[in-house]
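The block underneath contains the structure these notes are about, expressed in structure tokens.
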């Protein structure tokens, strides 16, 4: 079972925290801090698995992490999960994010926290791995987005219309209007 | 013309808007306001996030976030706000909570939004609920209704959201409300719904305590195993694994053939190409299947035989050079470890593990070491040299995690021949690491190994010293007691005992005379004091007086806690009793020590020791005392005296407990401060008066070792239930105080060591067999500090007169 999924940057600022086991608020922050301390000390040539630390779950848990550019993706799992499997799961997660956000970077995680959560919810549910196939996940997300747009369709129309109109630059459009060429009539000779 | 065009655009825009807004029923102003509102809200959000990200200090960030939280709280507290606004507020709240600033006011709004609102808002509501709520939170109850409605709706998205919500909000009481609905959805047409339903069902099974529901749910799960969509099957396998682990293995053993079949289908490539991950077909499901098979077949030879074939096939197919394939191979090895595999399978596993160990990737090395211990357990023969080399190499690796894993492996394969090296390696690691939980773990491992495998006491002494120097505050005094016991056993050995005693004595003497005395860890001091008191006579050049002075010096060390001081004092007592010459400096040193001390217990013991030193006749009398077995713990030889006292109308003795129960006022002259010494004993759980317990513990200990100490404690505790028969005889003892000899202990049985109080209060040492003198003298001390009048201790209790028995039992004087 996965106990928690944490994403934080190189300075320890949390970008996404999802706990599948309830911890009180201050303990959650402590866990993030402790995990950051443990993970940031690691070199690049050591293994991606960590044990130790005293906070989550006692002795039955381990941290499996991957470092991508400025972000650490850390999965806290217990002994029932396969380490290499989880490593690949992190890979799937990041690839999915990449597909959905187009060259995902930290800013995407910051400004679209809800979307990232939706993607994560397709991957892991209740601490158990739900889906591992990237195309499946993406198609589900797209279905959901379509549904939202449909339902929001009518009531969002004024908003869309206003923003559409705002985007119309009327004088420019007028300048750009290409009137069709009148057919060439030969010179008139009365 | 241009103006006509713009006019045209303007008019059409206006009519377009009013057209749309009239369609949706919103008034024009409202719609514009709301859209502008949401746009500005978004902008505000972005600004807020940017501001927080660029905050210079923690304080600045805190101020910003707290301000924002106030704003959000204000907005949410207004009645009748639009769901759109609630949505925006919730997103802000989510962000703030993630940064660590609680937003409890927003929880209710999350639940409400999940109830109402369109799909998008529902999603946000559910998302916020999943982050804010938990199974223990009562707001979950509010959400249940919504969940039920959503699961029953016809809209697939709603069903999915409801099912997902089950996994984070439903606790044991709520399970009956939703489980039936969830099970229904197992047959839904949409594969995603079935998938969610399976995992929601798993959550319900984990929470449910009712066995019947588990049975019916399992039946449904089995049907799901033959689902057409492999993702749903995967979810079912995950659920089965959890069920098997937490409930009963036998419930699912009949599923083994179907599981084998599924695995076969996967590795034969029958799945569609979209399930391939880096050219390995559905690796995660393979891993799960193997794991489940391992769980189901563990310990059963016949079942294990049935999975042998599929394991071999899987291993063969997984020869691809992909990281994910390694995961599968590893899982096969784990399964082989778990089941009763035939030897050739274990050999195969060992070959694979060697490949892992030799790889250059640290991850694979780590995993290789992890499974190696399991494989080696299966193989009857020992660790081959090839593996030994690799494993030793892992110990040199800079990665701490790998290092630790290797140490775990060594712990598992430790046997008497290599215990010394293994422990040495572990202590090496201990000296380098700073993580206290790791240290604790390793220390206990070292002690276990030393206890189990090693019979070389000298090595134990040396290793223990090293260990204590590294991790003094982690080792418990219990372990030290065990070590003392072992050493004592070693000392009494016929041939090697003296040799060991000499070694121990010289080691600890050297330690005590070294210049780095102030650096000595406390437990080491205790150990040294005890050992020296046992064996100093083996050392030729150390006279008793030198030893005594040294022990006094140890007493003065600032690092000593009360426990250590008591230990040293009893060692001193021991030495004093054993031999006759006493250094002249000792009494003065002790007196000086006494003045500085505050703890009554320590003062007590020091006083007692001083008295022993100053009055050699006590010592001789002690030496002449008869055997312990003949004690009359009620001191019947004092009966006559007590009778006389009672006839003089002096008050009989009242047990301590009655003191507490009665609110005796201070006017009876009792010096209450004195009783603070004994307060601890009243706090002890089932204890009655300390005096009662003294009576109890006078039953007899002749063996001073750890276990008997333990049993004396037990007897002490048990004695509390029986009311003391002859309470009043102790009163006489009080009168006869210091001139009276202790009623027990012969020379031989005089316990030599004062074992440091393990988990008991150090005060409980009072009751130990080793300090019978103390008990008497304690009373004496108490009595001296108040006046020596018996009446003050005992408000009248007339019925005790009834116990006025003049019998003389087999008294010993």
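Chains as they are written, first to last, in the numbering used here: chain A, 2 to 191; chain B, 3 to 815.
We treat Cβ as the ideally placed atom computed from N, Cα and C, and that holds for glycine.
If you're wondering where the values come from, they're calculated on a predicted model, not measured in any experiment.
C-beta neighbour in chain B for residue i, strict 8 Å
i	result
residue 138 of chain A	no
residue 6 of chain A	no
residue 48 of chain A	yes
residue 30 of chain A	yes
residue 12 of chain A	no
residue 79 of chain A	no
residue 141 of chain A	yes
residue 84 of chain A	yes
residue 52 of chain A	yes
Paired residues, beta bridge with residue i - DSSP
i	result
residue 77 of chain A	A/5 and A/64
residue 283 of chain B	B/278
residue 50 of chain A	A/65
residue 72 of chain A	A/10 and A/69
residue 129 of chain A	A/126
Opening and closing residue of the alpha helix (DSSP H) in which residue i lies
i	result
residue 242 of chain B	232-248
residue 208 of chain B	193-209
residue 272 of chain B	Looking at the DSSP string, residue 272 of chain B is not in any alpha helix (DSSP H), and its letter there is neither H nor E.
residue 20 of chain A	Premise fails: residue 20 of chain A lies in the beta strand (DSSP E), 15-20, not in any alpha helix (DSSP H).
residue 607 of chain B	602-616
residue 440 of chain B	438-455
residue 563 of chain B	Counting along the chain, residue 563 of chain B falls outside any alpha helix (DSSP H), and DSSP gives it neither H nor E.
residue 86 of chain A	84-102
residue 370 of chain B	364-380
residue 190 of chain B	Taken as a continuous stretch (DSSP letters only), residue 190 of chain B belongs to no alpha helix (DSSP H), as it is neither H nor E.
residue 418 of chain B	Premise fails: residue 418 of chain B is in no alpha helix (DSSP H) and is neither H nor E.
residue 109 of chain B	108-117
residue 589 of chain B	587-598
residue 149 of chain B	141-154
residue 171 of chain B	158-171
Proximal residues of chain A, C-beta to C-beta of residue i below 9 Å
i	result
residue 138 of chain B	23
residue 312 of chain B	Under the 9 Å cutoff, chain A gives no residues; its nearest Cβ is about 18 Å from residue 312 of chain B.
Straight-line gap, residue i to residue j (C-alpha atoms, nearest Å)
i	j	result
residue 371 of chain B	residue 132 of chain A	30 Å
residue 128 of chain B	residue 112 of chain B	7 Å
residue 12 of chain A	residue 149 of chain A	36 Å
residue 124 of chain B	residue 330 of chain B	40 Å
residue 515 of chain B	residue 416 of chain B	36 Å
residue 107 of chain A	residue 146 of chain A	22 Å
residue 8 of chain A	residue 337 of chain B	32 Å
residue 157 of chain B	residue 190 of chain B	12 Å
residue 195 of chain B	residue 246 of chain B	24 Å
residue 6 of chain A	residue 240 of chain B	19 Å
residue 369 of chain B	residue 389 of chain B	14 Å
residue 52 of chain B	residue 118 of chain A	20 Å
residue 19 of chain A	residue 76 of chain B	27 Å
Residues that residue i contacts on chain B, provided the C-beta gap is smaller than 7 Å
i	result
residue 112 of chain A	48 and 51
residue 118 of chain A	129
residue 26 of chain A	104
Neighbour flag for residue i against chain A, beta carbons, 8 Å
i	result
residue 690 of chain B	Note that residue 690 of chain B scores a pLDDT of 37, beneath 50, so its modelled location is shaky and nothing firm can be said.
residue 216 of chain B	no
residue 233 of chain B	yes
residue 85 of chain B	no
residue 276 of chain B	yes
residue 401 of chain B	yes
residue 457 of chain B	no
residue 93 of chain B	yes
Within chain A, the residues that residue i reaches when beta carbons sit closer than 7 Å
i	result
residue 102 of chain B	30
residue 364 of chain B	46, 47 and 48
Chain-ordered neighbours of residue i on chain B, where CB pairs are closer than 8 Å
i	result
residue 18 of chain A	100
residue 38 of chain A	Within 8 Å Cβ-Cβ: nothing; residue 38 of chain A doesn't reach chain B, min ~11 Å.
residue 104 of chain A	Neighbours of residue 104 of chain A on chain B: none; closest Cβ ~20 Å, over 8 Å.
Under 9 Å from the C-beta of residue i: neighbouring residues of chain B
i	result
residue 133 of chain A	233, 236, 277, 279, 284, 285, 286 and 287
residue 149 of chain A	120, 121, 122, 125 and 159
Within chain D, partners of residue i - CB distance below 8 Å
i	result
residue 204 of chain B	This model lacks chain D altogether, as its protein chains are A and B.
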